[in-house]
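Engineer: According to mature numbering (1 follows the signal peptide of the UniProt record, and there is no 0), the residues represented by the sequence shown are -19 to -1, 1 to 300, in order.
Even glycine gets a Cβ: it sits at the ideal position worked out from N, Cα and C.
Below you'll find the structure I mean.
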Amino acid sequence: MRRLLAGLAAAALAGSLVACGSDSGGGAKTESGADQVKVGVIPIVDVAPIYLGQQKGFFKNRNIELALEAGQGGAAIVPGVVNNQTQFGFSNLTSLMIAQTKGLPIKAVAAGVSSTGEAGKDFGAVVVKADSPIKTAKDLAGKKISVNTLKNIGDTVTRESVRKAGGDDKALNFVEMAFPTMPAALEKGEIDAAWVVEPQLSTIKAAGGREIASTFVDAAPNLTVAAYFTSQKLITENADLVKRFTEAINESLTYADAHPDEVRAVLATYTKIDEKQRASLVLPKWPTQINKESVQTLASLGEKDGIFTGTPDLAKLLP
């Protein structure tokens, strides 16, 4: 298990967990008796609801003092949760399924973020330069495409877009690159296309880039892209805390979905997205229910593409 956790962390880039320190035990209390809860998140648009919920007191109302710790990606956040360095985490579903098939004892407790379900109006897509000869996903065969993590949700959904467009999904050349570096790499011609999410999607479009595939939409209707999760150990040892956290995050998701202006405002507190760009971002959807059918589709696509070491057990992984 120790070697497995170390391997996962290394695969997600060395030092990718921030301020992991010593084991926090999952039962630490403040002087007032509130539960101290650390949550591993990624500083992207997707997690705006939990920051908003913290501001609105949804967690405090349930006797939870929340500390949000930034990691570089879901695959990096998983080991911290399993080791109880953070009690909960945010991750895309593919990373969670990869972890589960490697034997890590984790379970999703709440939805995280969902596609809008509208092609051309979603928060993730494959984009190219304005003058690129690439017109559709079919034309990506043989091209260099950036994704933030290899063998994860980015290449899985991009392959599906290529398949649906009648292209050869086996002829794609994926390169790993952090989202913030993708706009410049595309502009310089270092890559032919980029799989991006907001805010980089808006950045590239503002510079004249074109969207050629709404990959989340192509993968499954109203795809649940990510979820909040915890360890099986915490569920067993502190079911009440898990219940209260889940209630608070669900209230946060519902509030965020109904208050887009407040979502755009809270982004200023944990990202470097400027005011003009925040106003133009395509926001995702934040339903409280995980679309299990869409996750099954994602699992099937991942198996087809050789992403997993085994078959994900969604009955055990999903709430």
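#1: Fully enclosed by the segment 226 to 295, which alpha helix (DSSP H) runs are 4 residues long or longer?
#2: Going straight from the alpha carbon of residue 109 to that of residue 26, what length do you get?
#3: Determine contact between the segment 148 to 156 and the segment 123 to 139, defined as no fewer than three beta-carbon pairs at a distance below 8 angstroms.
#4: What span of residues does the alpha helix (DSSP H) with residue 113 cover, start to end?
#5: Going by the CB atoms, is the gap between residue 260 and residue 55 shorter than 8 angstroms?
#6: For my contact list, residue 195 and residue 258 are in at a C-beta cut-off of 8 angstroms; report their separation, rounded to the angstrom.
#7: By how many angstroms is the C-alpha of residue 266 removed from the C-alpha of residue 96?
#8: Identify every run of the beta strand (DSSP E) within the segment 75 to 105, keeping only runs that are complete inside it and at least 3 residues long; order them along the chain.
#9: State the DSSP-derived secondary structure class of residue 155, mapped to helix, strand or coil.
#10: In three-state terms, what does DSSP make of residue 130?
#11: Would you mind listing the alpha helix (DSSP H) stretches within the segment 151 to 221 that are 4+ residues and don't spill past its ends, in chain order?
#12: What does the alpha-carbon distance come out to for the pair residue 264 and residue 213?
#13: For residue 124, name the three-state secondary structure that DSSP assigns.
#14: If we call anything under 8 angstroms between Cβ atoms a contact, is residue 31 one with residue 59?
Structural biologist: From the atom records:
#1: Entirely contained in the segment 226 to 295, the alpha helix (DSSP H) runs reaching 4 residues are, in chain order, 241 to 247, 256 to 261 and 273 to 285.
#2: Distance between the alpha carbons of residue 109 and residue 26 is about 22 angstroms.
#3: Result yes; three or more Cβ-Cβ pairs closer than 8 angstroms.
#4: Residue 113 -> no alpha helix (DSSP H), and no H or E assigned at all.
#5: No. Outside cutoff.
#6: Going by Cβ atoms, the distance from residue 195 to residue 258 rounds to 20 angstroms, so no, they are not a contact pair.
#7: The straight-line gap from Cα to Cα measures roughly 6 angstroms.
#8: Inside the segment 75 to 105, DSSP marks whole beta strand (DSSP E) runs of 3 or more residues at positions 87 to 95, from first to last along the chain.
#9: DSSP, read as helix, strand or coil, puts residue 155 in strand.
#10: Note: residue 130 maps to coil in three-state DSSP.
#11: Runs of the alpha helix (DSSP H) spanning 4 or more residues and lying entirely within the segment 151 to 221 occur at 163 to 169, 181 to 187, 196 to 200 and 213 to 218, in chain order.
#12: If I take the Cα positions, the gap works out to 31 angstroms.
#13: Reduced to three states, the DSSP call for residue 124 is coil.
#14: For residue 31 and residue 59, no; Cβs fall outside 8 angstroms.
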